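Per our numbering, residue 30 is the first one in the sequence shown, and the count goes up by one each step.
First the structure, in the form of structure tokens, and then the observations on it.
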Amino acid sequence: MSTHTPVLLDAMLRLLALRLGGSYLDCTFGGGGHARAILEAIADARLTALDADPAAVERARAVAERFPGRFFFKAANFAALDTAPGAPFDGVLADLGCSSFQFDDAQRGFSFRADAPADMRMNPHEGISAAEFLETASEAALIAAVRDCGDEPRWKAVVRAILAARGTGKLSRTLSLAELVAAAVWRPGPPAKTHPATRTFQGLRITVNDELGALRTALPKAFAALAPDGVLAVISFHSLEDRIVKRFFNGLAGRPVDADDSRPQDEREKLAELLTRHPATPDEAETAANPRSRSAKLRAVRKLPVPTPAPAAASHFSLNPRITAPNTKQTP
Ligand SMILES: C[S@@+](CC[C@H](N)C(=O)[O-])C[C@H]1O[C@@H](n2cnc3c(N)ncnc32)[C@H](O)[C@@H]1O
């Protein structure tokens with residue numbers, strides 16, 4: 030039976046600084062690993078959970094039975110989290126991407142380990158499947174999916190192969206799609222450690238679920254739903270997601286959102302305190318026990334009860350390692 034191991038669980042609980050009688054929102058219920066840990070840690074905490082995937086309903090029912098009156102689940106996209114009951118929240122968490130349940134259920138089409146319709150939707154009742162996207166998307170949209178969301182260095186060959194395969198049926202199933210991508214990216218040399226279609230599948234999944242758009246919409250809503258001193262914590266698995274979170278959190282903290290943000294410091298307001306200057310990442314023991322956690326990055330902010338003037342201008346430069354710390358690696 031499939032299970033999902035919650036990623037960075039201890040760090041998440043520590044950053045949330047759970048409070049007696051607190052109210053929490055888990056935007057990405059999945060298998061309920063983070064949700065259960067919060068409900069177990071604080072006997073009278075209440076937790077609202079969302080998940081776009083209707084398959085999460087059954088798992089949520091078991092949690093509701095175990096924590097009567099303290100747990101509420103809604104099958105919804107977190108882009109609509111402003112409609113979730115329980116606000117204001119003392120903590121809002123999001124653990125982005127897919128759960129192991131979704132990867133392990135071949136029929137969902139997220140994986141190339143088994144043959145199935147290439148669907149890849151978190152909510153199969155909304156939007157279009159990956160197969161339909163591949164058959165109908167513009168070339169620019171395919172490039173955005175494969176190159177930008179998938180980080181596929183051989184994106185030109187993949188996009189060319191997809192366009193050439195339209196109407197043949199090869200784009201409709203996971204295995205034929207994976208074979209087509211593998212053939213497009215093949216080069217002589219030792220075999221790669223990961224399947225050659227991994228990046229393209231990731232890019233398609235991010236695209237058909239509009240994962241980056243949902244995150245951009247949700248972050249301001251999540252911050253607005255926080256009580257004073259409440260914590261917003263996000264685990265991302267991809268540099269594009271992490272960049273969105275990092276920029277949003279920097280803006281809240283009255284810091285330049287990136288190295289190109291040269292707005293005068295006195296125009297900024299500090300609405301939140303950064304709890305993670307550098308993201309929390311899994312240690313070796315966690316990545317060994319749960320390889321899926323490898324690329325996880327956890328960032329968190331605490332909402333200030335009263336906005337304060339932004340920190341001194343020096344922080345502007347500290348964001349750009351080329352100026353202050355030439356030997357440190359620049360984070361994406
Ligand atoms: C990594 S799993 C979460 C695992 C969970 N923290 C646990 O410990 O079991 C991510 C979950 O978020 C859900 N999800 C992804 N994007 C979503 C969105 N925009 N709105 C709501 N749920 C989403 C997925 O369906 C999946 O179940």
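We treat Cβ as the ideally placed atom computed from N, Cα and C, and that holds for glycine.
Values in this document were obtained by computation on a predicted structure and should not be read as measured data.
Query                                                                                                           : Result
Given 8 Å, three or more beta-carbon pairs between the segment 208-227 and the segment 253-271                  : no
Arg137 - partner residues in DSSP beta bridges                                                                  : DSSP, once it has assigned bridges, lists no residue as partnering Arg137.
Own chain residues within Cβ distance below 8 Å of Leu42, not counting five before or after                     : Ala66, Ile67 and Ala70
Close Cβ partners of Arg75 (< 6 Å) along its chain, the five nearest in sequence each way excluded              : Ser52 and Arg99
Rounded straight-line distance, which links the Cα of Thr32 to that of Glu208                                   : 28 Å
Cys127 beta carbon near ligand 1 (any heavy atom closer than 8 Å)                                               : yes
Assigned secondary structure, Gly198 (DSSP; H/G/I helix, E/B strand, else coil)                                 : coil
DSSP state of Leu268 mapped onto helix, strand, coil                                                            : One point to set straight first is that residue 268 is Ser, not Leu, in the sequence displayed. Ser268 falls in the helix class under three-state DSSP.
In chain order, each beta strand (DSSP E) run of at least 3 residues that lies wholly inside the segment 94-130 : 100-104 and 118-124
Separation of Glu161 from Ala362, as counted between CA atoms                                                   : Residue 362 is absent from the structure shown; the chain starts at 30 and stops at 361.
Through-space distance from Leu303 to Asp15, alpha-carbon basis                                                 : The structure shown does not extend to residue 15, since the chain spans only 30 to 361, so no value can be given for it.
Per DSSP, the bridge partner or partners of Leu303                                                              : Val330
Residues near Arg292 in its chain [Cβ-Cβ closer than 8 Å; skip 5 each side]                                     : Pro285
Start-end ranges of the alpha helix (DSSP H) lying completely within the segment 132-181, minimum 4 residues    : 159-165 and 168-172
Gly259 (DSSP reduced to helix, strand or coil)                                                                  : strand
C-alpha gap between Leu233 and His307, whole angstroms                                                          : 29 Å
Local Cβ density within 10 Å of Ser167, reported as buried at 16 or more and exposed below that                 : exposed
Collapsed DSSP secondary structure at Asp39 in the structure displayed                                          : helix
Whole-number beta carbon distance between Cys178 and Leu269, since they are thought to touch under 8 Å          : 7 Å
Asn279 CB to nearest heavy atom of ligand 1 below 8 Å                                                           : no
Endpoints, the alpha helix (DSSP H) within which Arg228 is located                                              : Thr227 to Val237
For Thr34, three-class secondary structure by DSSP                                                              : coil
Rounded separation between Ala243 and Asp133 - CA only                                                          : 24 Å
Close beta carbons around Ser344, own chain, < 7 Å, minus the five adjacent residues each side                  : In this prediction, Ser344 has a pLDDT of 43, which is less than 50 and means its spatial position is unreliable; what the coordinates show is noted afterwards. Arg284.
Separation of Arg183 from Ala147, as counted between CA atoms                                                   : 21 Å
Minimum C-alpha distance to Ala174 - residue among Val237, Val274 and Val92                                     : Val237
Buried or exposed by the 16-neighbour rule on C-beta atoms within 10 Å, applied to Val187                       : buried
Burial state of Arg331 (16 or more Cβ within 10 Å)                                                              : buried
Simplified DSSP state of Ala243, which is helix, strand or coil                                                 : helix
Backbone CA spacing between Pro35 and Ser158 [nearest angstrom]                                                 : 27 Å
Pick from His154, Leu206, Ala108 and Pro97 that is closest to Ala145, judged by C-alpha positions               : Leu206
Leu362 versus Val210: straight-line alpha-carbon distance, rounded                                              : Given that the chain is displayed from residue 30 to residue 361, the structure contains no residue 362 and the question cannot be resolved.
Sequence-distant residues of the same chain with beta carbon closer than 7 Å to Phe141, five excluded per side  : Thr203, Leu204, Ala207, His224, Ala226 and Phe230
Environment of His154 [buried if 16+ CB atoms lie within 10 Å]                                                  : exposed
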